[in-house]
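Working notes, beginning with the structure itself.
Number of protein chains: 2
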Amino acid sequence: MADERLTVAEYRALAEFRCQLRRLLRFSEDAARGAGLEPQHHQVLLALRGMPDGTAATIGVLADRLQLRHHTMVELIDRMAARNLVRRRPGTTDRRQVVVRLTPRGERVLPRLSLAHRAELRAVAPALLRSLAALTGDRPGRAVRGR
Amino acid sequence: MADERLTVAEYRALAEFRCQLRRLLRFSEDAARGAGLEPQHHQVLLALRGMPDGTAATIGVLADRLQLRHHTMVELIDRMAARNLVRRRPGTTDRRQVVVRLTPRGERVLPRLSLAHRAELRAVAPALLRSLAALTGDRPGRAVRGR
DNA sequence: GCGATTATATCGCAGAGCGATATAAATGCC
DNA sequence: GGCATTTATATCGCTCTGCGATATAATCGC
Numbered sequence: 604m605a606d607e608r609l610t611v612a613e614y615r616a617l618a619e620f621r622c623q624l625r626r627l628l629r630f631s632e633d634a635a636r637g638a639g640l641e642p643q644h645h646q647v648l649l650a651l652r653g654m655p656d657g658t659a660a661t662i663g664v665l666a667d668r669l670q671l672r673h674h675t676m677v678e679l680i681d682r683m684a685a686r687n688l689v690r691r692r693p694g695t696t697d698r699r700q701v702v703v704r705l706t707p708r709g710e711r712v713l714p715r716l717s718l719a720h721r722a723e724l725r726a727v728a729p730a731l732l733r734s735l736a737a738l739t740g741d742r743p744g745r746a747v748r749g750r
Numbered sequence: 604m605a606d607e608r609l610t611v612a613e614y615r616a617l618a619e620f621r622c623q624l625r626r627l628l629r630f631s632e633d634a635a636r637g638a639g640l641e642p643q644h645h646q647v648l649l650a651l652r653g654m655p656d657g658t659a660a661t662i663g664v665l666a667d668r669l670q671l672r673h674h675t676m677v678e679l680i681d682r683m684a685a686r687n688l689v690r691r692r693p694g695t696t697d698r699r700q701v702v703v704r705l706t707p708r709g710e711r712v713l714p715r716l717s718l719a720h721r722a723e724l725r726a727v728a729p730a731l732l733r734s735l736a737a738l739t740g741d742r743p744g745r746a747v748r749g750r
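These protein sequence lines map, in sequence, to chains A and B.
Everything in the first sequence is counted per the working numbering, starting at 604 for the first residue and increasing by one.
Everything in the second sequence is counted per the working numbering, starting at 604 for the first residue and increasing by one.
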């Protein structure tokens, strides 16, 4: 309950962090559109490709990974299937479930995008860490337990 | 031109980072809606409150801070003005410009949200840093020059 | 078997973002 | 000063996105 008010500097730090984050997301959106994808479609493709071990990519699991309501994911998968990026397959054990798979087209479009994202992340990480550190009170590049 | 292909582990690391990011953004969206705001409206309020020193909050400047096209910001400000969150004021020196100001209501709603965001950022920063480090090759909490 | 739960789907709606285009003020050039 | 160019906002029509409410079907508990 301490610290009930933020200083001007803290509002600036919060705004600055969001600005950094937006620049990163903007890069991602532009990269996706440049590859002929909607930004959200790219997120689903990546989630499919980077699924944790042994987890089936059902609608519900994908909705959780992208932090969306399940019916939002249903609609997203509808649009992506219409563009031949993914395909639905009925679940084997539980017939209520629907498993989503990448199509060859979906597989093809991802590598270039992911390479570009890794490069961009490496490039902007320092700035991102700096503005995050300004908020959490850590000093970048030094010992952390000082406060 | 080295490293032209990503490993499965790297796809997973990318997906994991995006998942962390989405959880953070989701928290922010939920917090904004819980305060009776659209998520984007919250972003504009924060940008206004955390404006860098001596910069006038024109439509163009705001569009840059939120990484949106200017006409998207025009529409956003339209909707926010209709909800009495901000007000337009004609620019003094350049009469083409429009300066955006917070209304008392816009001022009132922000502090609680920003406090919650600072707390959340402090809470999730370690997980975020870890998944970012997995991509940039840094080892969290250890020496960094090892690779 | 049967009510409760879970997984996906459908519907109607509003916010968001974009490209194309428009308008008005400021600027550069002569 | 006059006029083309540039800059700052605004308007229009569109699609994607995301939600709540509701529906359907399979599974689970007992």
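Ideal Cβ placement from N, Cα and C applies to all residues, glycine included.
Starting from the Cα of residue i, find the closest Cα among the options and give me that residue.
{"i": "H645/B", "options": "V664/B, F620/B, L688/B and E723/B", "result": "L688/B"}
{"i": "R721/B", "options": "P707/B, S631/B and L617/B", "result": "S631/B"}
{"i": "V702/B", "options": "A618/B, L651/B and F620/B", "result": "L651/B"}
{"i": "M676/B", "options": "A659/B, V647/B and R699/B", "result": "V647/B"}
{"i": "D656/B", "options": "L732/A, A618/A, I680/A and R708/A", "result": "A618/A"}
{"i": "R699/B", "options": "R636/B, G663/B and P642/B", "result": "G663/B"}
{"i": "E678/A", "options": "R704/A, Q643/A, T696/A and G709/A", "result": "Q643/A"}
{"i": "L705/B", "options": "A726/B, I680/B, T696/B and D697/B", "result": "I680/B"}
Rounded to whole angstroms, how far is the Cβ of residue i from the Cβ of residue j, which I believe are closer than 8 angstroms?
{"i": "L724/B", "j": "L735/A", "result": "7 angstroms"}
{"i": "A752/B", "j": "A634/B", "result": "Nothing in the structure corresponds to residue 752/B, since chain B is present only between 604 and 750."}
{"i": "G653/A", "j": "R615/B", "result": "4 angstroms"}
{"i": "R691/B", "j": "A684/B", "result": "6 angstroms"}
{"i": "G694/B", "j": "T658/B", "result": "Actually they do not touch by this definition, with Cβ atoms about 13 angstroms apart."}
{"i": "R621/B", "j": "L649/A", "result": "6 angstroms"}
{"i": "T739/A", "j": "A728/B", "result": "5 angstroms"}
Cβ-based contacts, 8 angstroms cut-off: residues of the region 638 to 663 of chain B near chain A: Q646, L649, A650, R652, G653, M654 and P655
Inter-stretch contact at 8 angstroms, needing at least 3 Cβ pairs: the region 605 to 622 of chain B / the region 711 to 726 of chain A: yes
So if I threshold CB-CB distances at 9 angstroms, which residues from the region 703 to 719 of chain A count as touching chain B? L713, P714, S717 and L718
Three or more C-beta pairs below 8 angstroms linking the region 617 to 628 of chain A and the region 658 to 672 of chain B: yes
Return the residues of the region 663 to 692 of chain A that lie within a Cβ-Cβ distance of less than 7 angstroms from chain B, sorted by chain order. R668, L669 and Q670
Uninterrupted alpha helix (DSSP H) stretches inside the region 641 to 686 of chain B (no shorter than 4 residues): 642 to 652, 662 to 668 and 673 to 685
Whole alpha helix (DSSP H) elements within the region 703 to 739 of chain B, 4-residue minimum: 707 to 739
Residues of the region 608 to 625 of chain A in Cβ contact with chain B at a cutoff of 9 angstroms, in chain order, please. R608, L609, V611, E613, Y614, R615, A616, L617, A618, E619, F620, R621, C622, L624 and R625
Report the residue ranges of all alpha helix (DSSP H) runs contained in full by the region 609 to 636 of chain B; include only those spanning at least 4 residues, in chain order. none
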